[in-house]
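In structure tokens, the structure reads:
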């Protein structure tokens, strides 16, 4: 691909944004390739977990606004960007953002669109849109308040401040902050644990949690009951029960 590097190993798919000369700013080609990649991964049973990161020590500096970033068909252009955000959100596999350097604007929301965010201690985050005369995009208006609450979301979005990794962890924007030298090993450990997990159960757990803020308690209980009924019909649940009896680790196959 022109803007991405895709690597697969033991069920872990690593998607690396690869425009280091632009701090991995996303151009039209990258939006298209991200959407295409996420849709392909969603259909692959052997892809168990997705790690998204950036080349050259940076995560993503947002959309590439070279030339002003305007289009005669701006709404259509934004819908094209939105297809990548939707494809990420719809992934049944667990996703991890591994963040070094800047994650700002759409790059920040690309990280927040992942299920888990792990940052190096030198990472920096910003909903920088207001500094550019813009409002939130790439799902930021939906993702941010769900991550950190409405009032803190408004603070980040309205002031467009750049915050360091420590502050991001303090307000709940990220799951973990580690020394940069320990980041790869930690994310690899998490990814391996998720890749070894039960794919069907994890996918349904992820969807239940994503839908929880829009559901009543009664609806959530009904959704849980349906999901659990599916689980009990899978070979993976039977394998988990046998492994418990045999005192061994289960071997999940996604069936």
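Residue numbers (the working numbering): -18 to 236.
In this text, a Cβ means the ideal position worked out from N, Cα and C, and glycines have one as well.
Just so it is clear, the structure is predicted and the values come from calculations on it, not from any experiment.
What does a CB cutoff of less than 8 Å around residue i pick up in its chain, not counting 5 residues either side in sequence?
i: residue 244; result: The structure shown does not extend to residue 244, since the chain spans only -18 to 236, so no value can be given for it.
i: residue 140; result: 111
i: residue 199; result: none
i: residue 125; result: 90, 93, 108, 117, 134, 137, 138
Starting from the C-beta of residue i, find all residues in its chain whose C-beta is less than 6 Å away, skip the five residues before and the five after it, and write them out in chain order.
i: residue 97; result: 77, 156
i: residue 62; result: 12
i: residue 224; result: 231
Between residue i and residue j, is the Cβ-Cβ spacing less than 8 Å?
i: residue -13; j: residue 30; result: no
i: residue 43; j: residue -2; result: no
i: residue 21; j: residue 81; result: no
i: residue 93; j: residue 128; result: yes
i: residue 75; j: residue 183; result: yes
i: residue 137; j: residue 108; result: yes
i: residue 192; j: residue 204; result: yes
In the DSSP assignment, the beta strand (DSSP E) including residue i goes from what residue to what residue?
i: residue 106; result: 105 to 107
i: residue -3; result: -7 to -2
Less than 7 Å between C-beta atoms, sequence neighbours within five positions excluded: which residues of the same chain meet that for residue i?
i: residue 176; result: -9, -8, -7, 29, 30
i: residue 10; result: -17, -16
i: residue 45; result: 3, 6, 7, 8
i: residue 252; result: Missing from the structure shown is residue 252; the chain here goes from -18 to 236 and no further.
i: residue 194; result: 127
Please classify residue i as buried or exposed, where buried requires at least 16 other C-beta atoms within 10 Å of its C-beta.
i: residue 210; result: exposed
i: residue 116; result: exposed
i: residue 59; result: exposed
i: residue 222; result: exposed
In terms of residue numbering, what span does the alpha helix (DSSP H) encompassing residue i cover?
i: residue -12; result: Careful: residue -12 lies outside any alpha helix (DSSP H), inside the beta strand (DSSP E) at -15 to -10.
i: residue 187; result: 180 to 192
i: residue 5; result: Here residue 5 belongs to no alpha helix (DSSP H), and DSSP marks it neither H nor E.
i: residue 280; result: The chain is shown from -18 up to 236; residue 280 falls before or after that span and cannot be answered.
i: residue 210; result: 198 to 213
Kindly examine the ligand ZN and report whether one of its heavy atoms sits closer than 7 Å to the Cβ of residue i.
i: residue 206; result: The ligand ZN is not part of this structure, which contains no ligands at all.
task = Would you list, in sequence order, the uninterrupted alpha helix (DSSP H) runs of no fewer than 4 residues that lie entirely inside the region 16 to 96?
result = Entirely contained in the region 16 to 96, the alpha helix (DSSP H) runs reaching 4 residues are, in chain order, 55 to 71, 87 to 93.
message = I'd like the ranges of any alpha helix (DSSP H) spanning at least 4 consecutive residues and lying wholly in the region 110 to 166.
response = For the region 110 to 166, whole alpha helix (DSSP H) runs of length 4 or above, ordered along the chain, are 121 to 129, 131 to 140, 146 to 151.
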